[in-house]
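Numbering (full-length UniProt numbering), first residue to last: 1 to 250. Think of the CB as a built atom: it goes at the ideal place given N, C-alpha and C, for glycine as much as any other residue. Everything numeric in this text was worked out from a predicted model, so none of it was measured. Have a look at the structure below before the remarks.
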C-alpha cells in the first residue's frame, strides 16, 4: 500500500524572531533551499508522491505545485497536534507525519516505509553531537528517551544523565490506518483547551500511559532541526568546514 505524508507547517515559529515576520518558518532557507523544499525532495526520493501540507501563518506563501493543502484556521491559538487533526478524521493509507522545521535524508523515510507497526517514531542515536553543536549545555534542551525491546518506554522528561537519553525524537511519525484511529480516539477524549494546547511529545506520553505500543526506528545522524536562526548559522558553518559531518542530510 502506498504511503502518504503530512507536513505540519501551520505555525510561525516565534523563536525565529524577525526571520519569520514575513514568512512561515518552513520557508526558512538552509544551505540553499527552504526547509520545506528539502523535505519535499527527501519524500519524493523515497517514493512518496502524495504529500499534504497543513498551512496556517502566511498560508498564501506555501504554494508548491504538486502538493495538497489543508488549513488550520486557528493556527495562532493551537499547537501542532491540533494542526494534524485538521486532516480528515480517517486515513486509509500508512501516513508519515513530519514537523516542518526539520530536514532529513531520504533513507529515514525509506526505513519508516518498511515498518508495519501501527505507531512508529524515528530517533537519533547520534543526538549528542548535534546538541553539543547547538547548545553550550546539551542537557538543557535534551529530553529523556528510553526504550525497551524496540518500543518507547519514556519520552520528554528533563535529565542530566546519559542513561536516560538513548536517542532524541526527531519529529517524524508513521501511523497505519489503525494507528491513526488509536491516536485520534485518545485526542478526542481530551477537553477542548487541552486539544488546542497539547504538543506531540505530550500526546506520545498519553499513548504510553494508556498502554499503546510505540515502535522506534533508530537512525544515526543525517537530519537537523531548526529551532532558532542560530541553528541555521551553525549548520551552514558545519557543512562548509566538515564534508564528513554526520548530520548532513543532503
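State the Cα-Cα distance for the pair residue 206 and residue 182, rounded to the nearest angstrom.
-> A direct Cα-Cα distance of roughly 11 Å separates residue 206 from residue 182.
Using 8 Å as the threshold, is the stretch 138 to 156 in touch with the stretch 214 to 221, meaning 3 or more CB pairs across them?
-> A contact exists between the stretch 138 to 156 and the stretch 214 to 221.
Based on Cα-Cα distance, which residue from 99, 47 and 10 lies nearest to residue 200?
-> 99
Between residue 217 and the ligand MG, is the CB less than 8 Å from at least one heavy atom?
-> Within the structure as shown, the ligand MG is missing, as the structure has no ligands at all.
Test item: CB-CB of residue 101 and residue 22 under 9 Å | Not in contact: residue 101 and residue 22 (Cβ atoms no closer than 9 Å).
Beta-carbon proximity check, residue 143 vs residue 169, cutoff 9 Å | The Cβ-Cβ distance between residue 143 and residue 169 falls below 9 Å.
Under a Cβ-count criterion, where at least 16 other Cβ atoms within 10 Å of its own Cβ denotes burial, should residue 94 be classed as buried or exposed?
-> Classification of residue 94: buried, given that the 10 Å Cβ count is 16 or more.
Starting from residue 222, follow its DSSP beta bridges and name the residues at the other end.
-> DSSP lists no partner for residue 222.
Per DSSP, the bridge partner or partners of residue 122 | 217
Let me know if residue 24 comes out buried or exposed under the rule of 16 or more other beta-carbons within 10 Å of its beta-carbon.
-> buried
Supposed close pair residue 10, residue 83 - CB separation, criterion 8 Å | Confirmed, about 4 Å.
Three-state secondary structure (DSSP) of residue 175 | strand
Distance, Cα to Cα, residue 17 vs residue 240?
-> 25 Å
With DSSP run on the structure shown, which of helix, strand or coil describes residue 92?
-> coil
For residue 154, which residues from the same chain have a beta carbon less than 6 Å from its beta carbon, with the 5 sequence-adjacent residues on both sides left out?
-> Non-local C-beta neighbours of residue 154 in its own chain, meaning closer than 6 Å and more than five positions away in sequence, comprise 144 and 146, ordered along the chain.
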